[in-house]
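A short worksheet on the structure shown next.
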Amino acid sequence: MILKSLKFENFRNLAPTTIELSENISLFTGENAQGKTNVLESVFYLSTLRPIRPGHDRELIRFGAESALIEAVGTANGREHTIRIVLSANGRRRISVNGVAVKKISDYSGSVKSVLFCPEDLQIVKDAPSLRRRTVDLALCQLRERYRTALSEYNSLLKQKNTVLREKDHSLYGMLSVYGAGLANAGAVVVSLRKKYCDALSAQARIVAEELSSGRDSLSIEYRPPSGVDPDASSTDIAAALAEGISSHLSREKEAGTTLYGPHRDDLDILINGRSARTYASQGQARTAVLSMKLAEREIFLKNTGEYPILLLDDVLSELDASRREYVLNRINSGQVIITSCTDDIVGEGRRFTLAKGEINVSSSGQ
Ligand SMILES: Nc1ncnc2c1ncn2[C@@H]1O[C@H](COP(=O)(O)OP(=O)(O)O)[C@@H](O)[C@H]1O
Ligand SMILES: [Mg+2]
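For what it's worth, the working numbering labels the leading residue of the sequence shown as 1376, then goes sequentially.
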């Protein structure tokens, strides 16, 4: 979907307003803490139904307000759609599309798709596995409804299992095998789709990294599934292998008071010229690797859906050197892109907005 307009009421610090986006590049400039990331977050939320940083929806509501509204008008397959999301301080969320209430998330997901690249992403290479898993999860949840459902089931069972393990309540230990069976089945879908996605990401990111580094860096990404699992096997076989791993770890988990085994501990190996980027990559190489992964993600969305996702570039262009920045700007001629920046010299084209204390103003209405 291409977003034509966005309307906010009580969304973070943004003043109530409606803005008309460019179908190509929209650029938001302003000093720090004025609300630039908040604008991107509204689009991120429309596509993932999550805040950018792990947290609660209520944090999106303006301090002291009872509810927040994001309303987006967009076009998909030649038709216009109006999406309204109302978040309430009591935790309720109401979504409607073209005036019809959305009852199940599965009926909603899939219309707006986005890929976000923000400064924190530069830590994907060096940081703990959770950031790398999150990157994969955010993409797959948008691309495969089956994945989103399986992951949410997995996480909910994991939470229940961990409660029993943490409280060491022996009377509930009988439930552990029930949770184990559910975790193995949901986990098998997660593992299988993560593997396929990582293979596609690796192939695509390798091409971009090669171009970005003038052939110096050969990038590959390898999925690290739970031990004892062949992620290329059938879902049934993966589930059986997971079930075995789950039961063989159980006694240690009872001691530890938490779940030690399963796809919630998966990782990706990012390799540059065959060596672990986490250990050996220079700052510049790590930057190229992440940028390659993000641009690759965009291509994977295009292949899977026939349309580029909305690319959200949050304050990252000014951190790139001139040649990488040029490369990115050349790649974003097609597809919708929303860019934020503290400086005003980023792109020649596009519709420009300035942001000050949550007030958004159009400074140039170019396409
Ligand atoms: N729920 C909220 N209500 C009101 N203001 C908020 C809320 N959440 C964040 N803010 C404010 O938004 C501002 C940060 O906006 P942000 O989009 O991150 O700025 P930047 O322009 O640097 O990207 C901060 O001043 C912060 O206090
Ligand atoms: Mg910001």
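Every residue, glycine too, gets a C-beta built ideally from N, C-alpha and C.
Backbone CA spacing between residue i and residue j [nearest angstrom]
i	j	result
residue 1694	residue 1485	31 Å
residue 1445	residue 1476	15 Å
residue 1499	residue 1507	6 Å
residue 1518	residue 1389	29 Å
residue 1700	residue 1732	28 Å
residue 1481	residue 1621	29 Å
residue 1667	residue 1384	35 Å
residue 1516	residue 1458	19 Å
residue 1631	residue 1496	31 Å
residue 1503	residue 1529	21 Å
residue 1510	residue 1493	12 Å
residue 1704	residue 1697	10 Å
residue 1546	residue 1468	36 Å
residue 1709	residue 1399	7 Å
residue 1669	residue 1526	22 Å
Contact test: residue i Cβ vs ligand 2 heavy atom, cutoff 8 Å
i	result
residue 1388	no
residue 1412	yes
residue 1607	no
residue 1689	yes
residue 1718	no
Integer Cβ distance of residue i from residue j, believed to fall under 8 Å
i	j	result
residue 1647	residue 1594	6 Å
residue 1410	residue 1433	Not a contact, Cβ separation roughly 18 Å.
residue 1489	residue 1684	5 Å
residue 1726	residue 1381	About 12 Å separates the two Cβ atoms, so there is no contact after all.
residue 1686	residue 1707	6 Å
residue 1420	residue 1429	Contact doesn't hold; Cβ gap of about 13 Å is too wide.
residue 1379	residue 1448	5 Å
residue 1413	residue 1386	7 Å
residue 1599	residue 1558	With a Cβ gap of about 18 Å, residue 1599 and residue 1558 do not count as contacting.
residue 1554	residue 1536	4 Å
Closer than 8 Å: residue i CB and nearest ligand 1 heavy atom
i	result
residue 1591	no
residue 1438	yes
residue 1733	yes
residue 1730	yes
residue 1402	no
residue 1464	no
residue 1616	no
residue 1715	yes
- Task: Report the residue ranges of all beta strand (DSSP E) runs contained in full by the stretch 1476 to 1559; include only those spanning at least 3 residues, in chain order.
- Result: 1489 to 1492
Jot down the residue ranges of each uninterrupted alpha helix (DSSP H) in the stretch 1409 to 1458, minimum 4 residues, whole runs only, in chain order. DSSP runs (the alpha helix (DSSP H)) wholly in the stretch 1409 to 1458: 1411 to 1423.
| Can at least three beta-carbon pairs, one atom from the stretch 1561 to 1570 and one from the stretch 1601 to 1617, be found at a separation below 8 Å? | yes
> Is the stretch 1704 to 1715 touching the stretch 1681 to 1692, taking contact as three or more C-beta pairs under 8 Å?
Replying inline: yes
- Can you list the beta strand (DSSP E) stretches of 3 or more residues lying completely in the stretch 1577 to 1626, in chain order? 1594 to 1599
- Does the stretch 1646 to 1665 come close enough to the stretch 1520 to 1533 to have 3 or more Cβ pairs within less than 8 Å? no
Within the stretch 1656 to 1698, ranges of the beta strand (DSSP E) (whole runs, at least 3 residues):
Runs of the beta strand (DSSP E) inside the stretch 1656 to 1698: 1685 to 1689.
Query - the stretch 1602 to 1613 in contact with the stretch 1582 to 1592 per 3-pair CB rule at 8 Å - result: Touching, no, given that fewer than three Cβ pairs across the two stretches are closer than 8 Å.
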